[in-house]
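In what follows, a structure is listed as C-alpha cells, so that the remarks can point back to it.
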DNA sequence: GACGCAATTATACGGTCTTATAATTTCCTT
DNA sequence: AAGGAAATTATAAGACCGTATAATTGCGTC
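Written as C-alpha cells, this is what we have:
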C-alpha cells in the first residue's frame, strides 16, 4: 500500500477580514451558540465552528473567550435597547403613546422569547463573576432606566400628576418588566403576554393615581 | 530502595448513611458549590469533594448530576418559601401586617444577596434546558404566587377595595419582587434595599387606589 | 509580479469532565 | 459471631476544553 504524493496535507482556504467584520461575526456566532445550548454552548471550539473559523481566531482577536462573550453581551443589549427605543419613537408622538409603544415592544415575540432569556441568563451568570461583564451591565442598565425615566417624567408632566422620585419609579417599572419577562419565559403557562402588558398598564395607572407621589 | 509491605493500598474509611441523609448532604454541597463558582461549580467531582465523598455516590443516588441539581433546587426553593412564609406569619396578625412582613423578609439580607442570585441564575439556566427542572420550577412558582394571592386577597377584603384578577395581581407583585431582586444583585448601586421595599409598598398603594380593579 | 507581514489554520499539551466498572467495607440479620 | 447484601471507594477510559506554538496563506505594497 502506497500513499505516494501526500507528503503535505492540504490546508483550508480562507478569506481575510477586517477586525470589525471578524469581531461581529464571532460575536453573533457566540449568541447563536448560547441560544442553542446555554452555558454549554460557551466554548471556543463550538463558537469557532459556528462561525466557520478555527479557534485560533478567538485568541487572536479577543485573547480569551470571556472577552468575546462580553463583547457579545454589549452587541445584544444594544440591539435590544435600540429596537425598543425605536418602537417607542415609532408610536404616537404623545407621552402616553410612547409609553404604550414601549410596553408593547417589550412584550413582542422578539423579546418575550425563551431563547432570548436563555442568552440573558448566561450573561447574568457571567456578570456575577466577572467585573468586566459587571461594568458592561451597569452601563446597559443605566441606559434602560434612563429611557424609562424620560417616558414616565413626560407622562407626569403631560397629565399633571406627581412622582416623588422618578428614577426609583423607573427602576420599579423596569423591574416589573424584567420580572414578568423572566416568569413568562420560565413558565409560559403562568400568564399571557397581553396580560403582562395589561399589568404594566395597571402599574402606570397606580402612578397616575398618586401611589408614587 | 524498598517498599516492602505496601502490596495493598489503604482505603478510606466511611460511614453508611440513610438515603435521606446522603441526599440532603449532597444537595447542600451542591448549593455551596454553586454559591462559590456558579455554573463552573456544577460538576460531580467538585460536589463530591465538597460533600467529602467520592463521585460514585452521586451516580449511586441520583444517576446523573442534573438530577442532583434538580433536587438541590427543590431544597433551596422550599427553604426560601418557608422562611418568607414564616416571617409573614410572625408579623402582626392583620392582612396589612402580614404583607408588610412578607415584603420585609423578601428584602432581608438572607435573600437579597448576590450569592443567592448566583445560585438562582444557575437554576434558571437549567430550567430552560431541562423539562425535569422546568416541572419543579412550575410547582415552586405556583406556591409563591398562591401565597401572595392569599395575602392580597385578605388585604382587599379587610380594606374593602376591589381587584379584578387576584391571581394576575399576585403574578405582578411577584414579578416586581423578582425584578428588583435581580436588578439589585446585578448592580447593588442601583438602589437601596429599603427603597426596593418602598417601591413594593407603593405598588400595594396603587392596588388600594383601584388601579387593578 | 515578487515580497513580506499579518491573518488564519493546524496541531499539540495538560487538565478536567462524565460515566462505567471492579474492589472493598460497613452494618444488618440470623 | 459469621455471612451477605448494599453502600462506598478506587480506578480507568474516552471526550472536550483552553491555551500556546508553529506552519501556511491571503493580500496589500513596492
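Residue numbers (this note's numbering), protein chains in the order written: chain A, 43 to 255; chain B, 43 to 255. We put the beta carbon where it would ideally sit given N, CA and C, even for glycine. Because the structure is a prediction, the values reported are computed rather than measured.
Take the Cβ of residue i as the centre, count every other Cβ of all protein chains shown within 10 Å, and call the residue buried at 16 or more, exposed below.
| i | result |
| --- | --- |
| residue 55 of chain B | exposed |
| residue 22 of chain B | One cannot answer for residue 22 of chain B here, as it falls past the ends of chain B, which runs 43 to 255. |
| residue 191 of chain B | buried |
| residue 80 of chain A | buried |
| residue 60 of chain A | exposed |
| residue 88 of chain B | buried |
| residue 90 of chain A | buried |
| residue 179 of chain B | buried |
| residue 175 of chain A | buried |
| residue 118 of chain B | buried |
| residue 211 of chain A | buried |
| residue 236 of chain B | exposed |
| residue 69 of chain A | buried |
| residue 239 of chain A | buried |
| residue 44 of chain A | In this prediction, residue 44 of chain A scores a pLDDT of 39, lower than 50, which makes its location untrustworthy; no coordinate-derived value is stated. |
| residue 120 of chain B | exposed |
| residue 53 of chain B | exposed |
| residue 71 of chain B | buried |
| residue 201 of chain B | exposed |
| residue 98 of chain B | exposed |
| residue 58 of chain B | exposed |
| residue 217 of chain A | buried |
Compute the beta-carbon to beta-carbon distance between residue i and residue j, rounded to the nearest angstrom, for a pair I have assumed lies under 8 angstroms.
| i | j | result |
| --- | --- | --- |
| residue 163 of chain B | residue 166 of chain A | 5 angstroms |
| residue 75 of chain A | residue 92 of chain A | 5 angstroms |
| residue 154 of chain A | residue 226 of chain A | 6 angstroms |
| residue 241 of chain A | residue 222 of chain A | 7 angstroms |
| residue 144 of chain B | residue 129 of chain B | 7 angstroms |
| residue 264 of chain A | residue 253 of chain B | Outside the displayed range of chain A (43 to 255) lies residue 264 of chain A, so it cannot be described from this structure. |
Counting only Cβ pairs nearer than 7 angstroms, list the residues of chain B close to residue i.
| i | result |
| --- | --- |
| residue 217 of chain A | 218, 221, 222 and 225 |
| residue 159 of chain A | 170 |
Mapping the DSSP letters down to three states, classify residue i as helix, strand or coil.
| i | result |
| --- | --- |
| residue 106 of chain A | coil |
| residue 254 of chain B | coil |
| residue 131 of chain A | helix |
| residue 46 of chain A | Note that residue 46 of chain A scores a pLDDT of 41, beneath 50, so its modelled location is shaky and nothing firm can be said. |
| residue 185 of chain B | helix |
| residue 84 of chain A | coil |
| residue 205 of chain A | coil |
| residue 190 of chain B | helix |
| residue 164 of chain A | helix |
| residue 60 of chain B | coil |
| residue 100 of chain A | helix |
| residue 156 of chain A | helix |
| residue 53 of chain A | coil |
| residue 170 of chain B | coil |
| residue 115 of chain A | helix |
| residue 230 of chain A | coil |
| residue 40 of chain B | Residue coverage of chain B in this structure runs from 43 to 255, which leaves residue 40 of chain B outside it and unanswerable. |
| residue 137 of chain A | helix |
| residue 95 of chain A | coil |
| residue 150 of chain A | coil |
I want to verify the contact list: residues of chain A whose CB lies under 8 angstroms from the CB of residue i, in sequence order.
| i | result |
| --- | --- |
| residue 203 of chain B | None at all; the shortest Cβ gap to chain A is about 12 angstroms. |
| residue 164 of chain B | 167 |
| residue 244 of chain B | 214, 248, 253 and 254 |
Give me the chain A residues within the contact set of residue i, using Cβ-Cβ distance strictly less than 7 angstroms, ordered along the chain.
| i | result |
| --- | --- |
| residue 111 of chain B | Simply none; closest approach about 12 angstroms. |
| residue 171 of chain B | 80 |
| residue 229 of chain B | 179, 180 and 183 |
| residue 156 of chain B | 170 |
| residue 174 of chain B | Simply none; closest approach about 14 angstroms. |
Against residue i, what residues of chain A qualify as contacts under a CB-to-CB distance less than 9 angstroms, listed in chain order?
| i | result |
| --- | --- |
| residue 237 of chain B | 207, 210 and 213 |
| residue 232 of chain B | 180, 183, 184, 187 and 213 |
| residue 241 of chain B | 210, 211, 213, 214, 217 and 254 |
Give the interface partners of residue i over in chain B, defined as CB-CB distance under 9 angstroms, in chain order.
| i | result |
| --- | --- |
| residue 102 of chain A | Ordered by position in chain B, no residue passes the 9 angstroms Cβ test against residue 102 of chain A, which lies about 25 angstroms from the chain. |
Examine the ligand ATP and report whether any of its heavy atoms sits within less than 8 angstroms of the Cβ of residue i.
| i | result |
| --- | --- |
| residue 153 of chain B | As presented, the structure is devoid of all ligands, the ligand ATP included, so that no description of it is given. |
Give the residues of chain B in contact with residue i, contact being defined as C-beta atoms less than 8 angstroms apart.
| i | result |
| --- | --- |
| residue 99 of chain A | Per Cβ cutoff of 8 angstroms: no residues; residue 99 of chain A is ~24 angstroms from chain B at best. |
* Asked: How do the stretch 94-107 of chain B and the stretch 147-157 of chain B stand: do at least 3 beta-carbon pairs fall below 8 angstroms, yes or no?
  -> Too few Cβ pairs lie closer than 8 angstroms, so no.
* Evaluate contact between the stretch 125-145 of chain A and the stretch 194-203 of chain A, counting only Cβ atoms and requiring at least three cross-stretch pairs below 8 angstroms. => yes
* Asked: Does the count of Cβ pairs from the stretch 200-220 of chain B and the stretch 115-126 of chain B closer than 8 angstroms reach three?
  -> no
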